[in-house]
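Shown next, in structure tokens, is the structure this report addresses.
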Amino acid sequence: MSQQPTELATFAGGCFWCMVKPFDELSGIVKIVSGYTGGHKENPTYQEVCSETTGHLEAVQITFEPAIFPYEDLLQLFWQQIDPTDAGGQFCDRGDSYQTAIFYHTEEQKQKAEASKRELDASGRFDRPVVTPILPASVFYPAEDYHQDFYKTNPLRYNSYRKASGRDDFIKRRWNTPADKAKLKDKLTPMQWEVTQMNGTEPPFRNEFWDHKEEGLYVDIVSGEPLFSSRDKFDSGCGWPSFTKPVVPALVQDKPDYSHGMIRTEVRSRKADSHLGHVFPDGPKDKGGLRYCINSAALRFIPKADLEKEGYEAYLSLFGQEK
């Protein structure tokens, strides 16, 4: 796909080590830089920021393509990484430099951030008020090189710190709760729930898209993240929709599956973690040799003519069209 216009988003969520991986490698995310913002000293060092004398917060600045990953989705993902009711830091890290904040770059971002904060505050998910401030973006200073992509360069230290900090335990308690599951179950059909949430499999040849030939985009039934294109669909004879590749490889993840006495490779969506199906090495050789065998119940189809209306105009180029 052609390069889309980009914007900046800046979030402070406590230790910036923990604020890169959740956004990294998602479709529409171009670059993530860890750094310092909101303070009064030029070019502060990590030690100076930690001394709480510069007024800076640890933050990440994200370059993103809003046509592919909207700012509203960034906000939702940001909230899911933090404790927005804590004004004194985040988890084991205390002090002003570890406070949370949303730094808006445009008036539109400000309005969307304020609306998102109001919605979260009214949701009842937290026992205390949401106190994360929404502030105008100021000068952003990139952190030292050894802080960049820390989860990749120091995975053992990153994982150890993250687990010990209390962040992961908090996220598990506050998100993906039984209430969230109940709400999702009401939204999905019994078969969609069984497939995406219980790792089930629908019957072959008796599902919505196994013989579907219309041009368009197949997206995750839960999250709407784009998964497969009709241009990559082929008739494998197996009775389920089959594709040679995902639209954006980073939006699907492969996992070993040893269930039912077999050794297979499961395919899940990255954002919603929906079970989609499996991938096998028996696809068309001239197109990479893979067969993504996907449950129709995990998918929603968007016709090519509706892509722009549905907010997927960035994917028109898959069908030889540009917006």
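Residue numbers (full-length UniProt numbering): 1 to 323. Glycine included, each C-beta is placed from N, C-alpha and C at the ideal position. Please read these numbers as outputs of a predicted model, since none were measured by experiment.
Rounded to the nearest angstrom, what separates residue i and residue j at their Cα positions?
| i | j | result |
| --- | --- | --- |
| residue 78 | residue 13 | 8 Å |
| residue 311 | residue 70 | 9 Å |
| residue 43 | residue 141 | 6 Å |
| residue 265 | residue 209 | 21 Å |
| residue 102 | residue 268 | 30 Å |
| residue 389 | residue 235 | The structure shown has nothing for residue 389, since the chain only spans 1 to 323. |
| residue 98 | residue 51 | 11 Å |
| residue 261 | residue 255 | 16 Å |
| residue 278 | residue 249 | 14 Å |
| residue 131 | residue 118 | 11 Å |
| residue 36 | residue 95 | 14 Å |
| residue 33 | residue 211 | 44 Å |
| residue 283 | residue 105 | 46 Å |
| residue 11 | residue 286 | 44 Å |
| residue 41 | residue 144 | 16 Å |
| residue 319 | residue 57 | 44 Å |
| residue 197 | residue 47 | 45 Å |
| residue 193 | residue 296 | 12 Å |
| residue 251 | residue 27 | 7 Å |
Identify the residues that DSSP records as bridge partners of residue i: which are they?
| i | result |
| --- | --- |
| residue 316 | Residue 316 is not bridged to any residue. |
| residue 276 | None; residue 276 has no bridge partner. |
| residue 211 | The partner list for residue 211 (beta bridge, DSSP) is empty, contrary to what the question assumes. |
| residue 57 | 37 |
| residue 252 | 269 |
| residue 226 | 219 |
According to DSSP, is residue i helix, strand or coil?
| i | result |
| --- | --- |
| residue 196 | helix |
| residue 76 | helix |
| residue 188 | coil |
| residue 258 | coil |
| residue 246 | coil |
| residue 15 | coil |
| residue 301 | strand |
| residue 233 | strand |
| residue 221 | coil |
| residue 171 | helix |
| residue 7 | strand |
| residue 321 | coil |
| residue 291 | strand |
Compare the beta carbon distance of residue i and residue j with 8 Å and say whether it is the shorter of the two.
| i | j | result |
| --- | --- | --- |
| residue 76 | residue 82 | no |
| residue 315 | residue 226 | yes |
| residue 66 | residue 114 | no |
| residue 150 | residue 85 | no |
| residue 216 | residue 230 | yes |
| residue 122 | residue 195 | no |
| residue 220 | residue 272 | yes |
| residue 62 | residue 9 | yes |
Write down every uninterrupted run of the beta strand (DSSP E) in the segment 78-156 whose length is 3 residues or greater and which is fully enclosed by it, in chain order.
100-104, 134-136 and 140-142
Alpha helix (DSSP H) runs wholly inside the segment 22-51, at least 4 long, in chain order:
46-50
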